[in-house]
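In this note's numbering, the protein residues as written are 280 to 705. Reviewing the structure listed below.
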Ligand code: S3P
């Protein structure tokens, strides 16, 4: 695949389903009673890993593209898998499923690809161990492969040192299997899909400020869920519509949950022409169509409480900053170092290769925008968000932008390059 400069970008696109919500729909459906039906499911590699894990524990799941039916067996209906569960590249699968496995009366183990085996799992081992769970990093390095399960859990109050929906959700899911109320307090609020969706399945779950709490032992009932489009996937096209010449793009059916929608605020702060149309609620989540047109952008500071609401979008926000006049400073985002790649390093390396003035810092980066970008071969480090962010940079760069690996997009957006082809005129 070679990306070249776009003369114009026009059209209406629909974004594939939200990855976080798709994972949760499968997991919560599996531990509920009766049928859960998901429409708009993200048929990407990460969510397929979640389906594979629950099938391996005896849950009947049928999938036809974005339509998934889960025959749930209730809180205690999972059976012991006969082999190690394969979580693939998915941090969400790993951390959330660990909370569920911690409450089972069988021992299981899980592992994933090279990237997963480097991601920190101490952040879930600590609270789950505090709840009385048996959970062990098999290589004793705080990472997967993990062995989990077979213990009676106690409710705890956990003060999480990181703002992480994966950690919060892991503890809350383990809390389903503990007597009493389990709660998690975060330093900054992270995405709240677990709280919204589990409440729809019948859990007694509440949020107040920085704390989410759940009461153990509920009866969960299968639900019908329409999964909205993923704002993390829409982000590439939001940025394309703002930075490319002659752009006018309508991005339909996007989840605009405030715990996810920080990129909209940043685009506005940078002077972007971005408007939300047809705002509505679908399956308990706010949804809108997003209209963007070519904009004259200026740099801004991205820091503090907004960071968890745009953590996955920071690579493409860095691309937007490279195309804006002046300096953009990204701070308080050390979590970028422990994503599918070290995204402070991988964004810096690739933007530098394109001719951008960028300096990495301990918790973010400083980008002096406005210099012309040049095509390069993107070093993706097999990180889907790096591949897609730099494909967008390629739409404004001179020459050709190519990729050491473009197949990694299938983790979260298998048709990404098809969508680019549908809207870009060269
Ligand atoms: C996710 C939470 C985020 C995000 C990830 C999906 C989720 O991770 O980066 O892509 O679905 O809960 P953290 O919660 O660890 O920040």
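Glycine residues also receive a C-beta, built at the ideal position from the N, C-alpha and C atoms.
Pick from the options that is closest to residue i, judged by C-alpha positions
i, options, result
"residue 364", "354, 356, 377, 352", "377"
"residue 605", "630, 575, 586", "575"
"residue 582", "558, 613, 312, 602", "613"
"residue 545", "599, 527, 344, 369", "599"
"residue 282", "634, 682, 443, 687", "682"
"residue 385", "674, 410, 356", "356"
"residue 403", "523, 561, 556, 452", "452"
"residue 507", "407, 399, 345", "345"
"residue 655", "649, 640, 676, 663", "676"
"residue 662", "421, 392, 479", "392"
"residue 543", "305, 588, 325, 687", "588"
"residue 336", "360, 323, 314", "360"
"residue 461", "673, 411, 527", "411"
"residue 362", "368, 425, 381", "425"
"residue 290", "528, 432, 697, 329", "528"
"residue 422", "479, 586, 366, 382", "366"
"residue 238", "455, 465, 419, 427", "This structure does not reach residue 238, given that the chain is present from 280 up to 705, and the question cannot be answered."
"residue 664", "538, 608, 625, 502", "625"
"residue 658", "639, 685, 449, 651", "685"
"residue 297", "597, 332, 692, 568", "692"
"residue 347", "383, 387, 306, 380", "306"
"residue 510", "491, 537, 323", "537"
"residue 580", "554, 331, 607, 570", "607"
"residue 643", "597, 603, 620", "597"
Residue i to residue j span [Cα, whole Å]
i, j, result
"residue 616", "residue 288", "32 Å"
"residue 339", "residue 371", "21 Å"
"residue 475", "residue 564", "8 Å"
"residue 445", "residue 374", "6 Å"
"residue 515", "residue 351", "35 Å"
"residue 470", "residue 645", "26 Å"
"residue 417", "residue 397", "13 Å"
"residue 413", "residue 601", "47 Å"
"residue 591", "residue 584", "15 Å"
"residue 334", "residue 434", "28 Å"
"residue 670", "residue 633", "12 Å"
"residue 702", "residue 666", "18 Å"
"residue 562", "residue 636", "43 Å"
"residue 389", "residue 500", "27 Å"
"residue 409", "residue 457", "12 Å"
"residue 535", "residue 489", "20 Å"
"residue 430", "residue 695", "43 Å"
"residue 312", "residue 353", "5 Å"
"residue 705", "residue 549", "26 Å"
"residue 495", "residue 484", "10 Å"
"residue 314", "residue 349", "6 Å"
"residue 320", "residue 557", "21 Å"
"residue 673", "residue 526", "15 Å"
"residue 517", "residue 648", "18 Å"
"residue 519", "residue 327", "28 Å"
"residue 329", "residue 630", "33 Å"
"residue 559", "residue 292", "18 Å"
"residue 522", "residue 294", "19 Å"
"residue 342", "residue 368", "20 Å"
Local conformation of residue i per DSSP, three classes
i, result
"residue 539", "coil"
"residue 643", "strand"
"residue 305", "helix"
"residue 339", "strand"
"residue 310", "coil"
"residue 365", "strand"
"residue 283", "coil"
"residue 629", "helix"
"residue 454", "helix"
"residue 507", "coil"
"residue 441", "coil"
"residue 706", "The first residue shown for the chain is 280 and the last is 705, placing residue 706 beyond what the model contains."
"residue 436", "strand"
"residue 648", "strand"
"residue 391", "strand"
"residue 584", "helix"
"residue 568", "strand"
Strand pairing of residue i, partner residues [DSSP]
i, result
"residue 657", "682"
"residue 483", "Partner(s): none; residue 483 has no beta bridge."
"residue 415", "426"
"residue 704", "287"
"residue 475", "None, per the DSSP bridge assignment."
"residue 600", "Beta-bridge pairing links residue 600 to no other residue."
"residue 296", "508"
"residue 316", "348, 503"
"residue 492", "462, 485"
"residue 334", "Bridge partners of residue 334: none, in fact."
Proximity test, Cβ basis, 8 Å: residue i and chain B
i, result
"residue 501", "Of the protein chains in the structure, only one exists, and it is not chain B."
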